[in-house]
Amino acid sequence: MTEQQELSVDDVYARLRAAVDRGTRDLASTRGLAERFWPVSADKPLERRPGAKGWVAFQVKRVLRKTMRWYVEPAFADQRIVNDALLRLVDDLSRRVDELENQGGEA
428 MTEQQELSVD DVYARLRAAV DRGTRDLAST RGLAERFWPV SADKPLERRP
478 GAKGWVAFQV KRVLRKTMRW YVEPAFADQR IVNDALLRLV DDLSRRVDEL
528 ENQGGEA
């Protein structure tokens, strides 16, 4: 017999529970990262490099940003809506899984 066939149901459950617990900790940190970056925007601080070349590049970037904003901002607005909906969906699914786990423990 192989090792997988020799494992009892309790052993398999314990391994799965440990994997889920590890995933939950990773999920919490991933959720924090998602919360931080979901509001996508074209507004990113410009950094000016030293010297005349840096000044010229900074001015060009300022003008380009203003002229391109009308084009990119609607896509970013749509992306923010999608990101928010996905985060809400993940929260709802997580809540449902917790409820099902609680119901399974009570039975």
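Per the numbering used here, the sequence shown starts with residue 428, numbered consecutively. Don't be surprised by glycine CBs; every beta carbon is placed ideally from N, CA and C. Please read these numbers as outputs of a predicted model, since none were measured by experiment.
- The beta-carbon separation of Leu514 and Ala461, rounded to 6 Å, stays under the 8 Å limit for a contact.
- Per the C-alpha coordinates, the member of Arg444, Val509 and Arg507 positioned closest to Glu528 is Arg444.
- At a cut-off of 3 residues, not a single continuous stretch assigned as beta strand (DSSP E) sits fully inside the region 467-524.
- Three or more Cβ pairs closer than 8 Å define a contact, and the region 500-508 meets that threshold against the region 466-480.
- When the five nearest sequence neighbours on each side are left out, the beta carbons in the same chain lying within less than 7 Å of the beta carbon of Phe485 are those of Leu473 and Arg475, in order along the chain.
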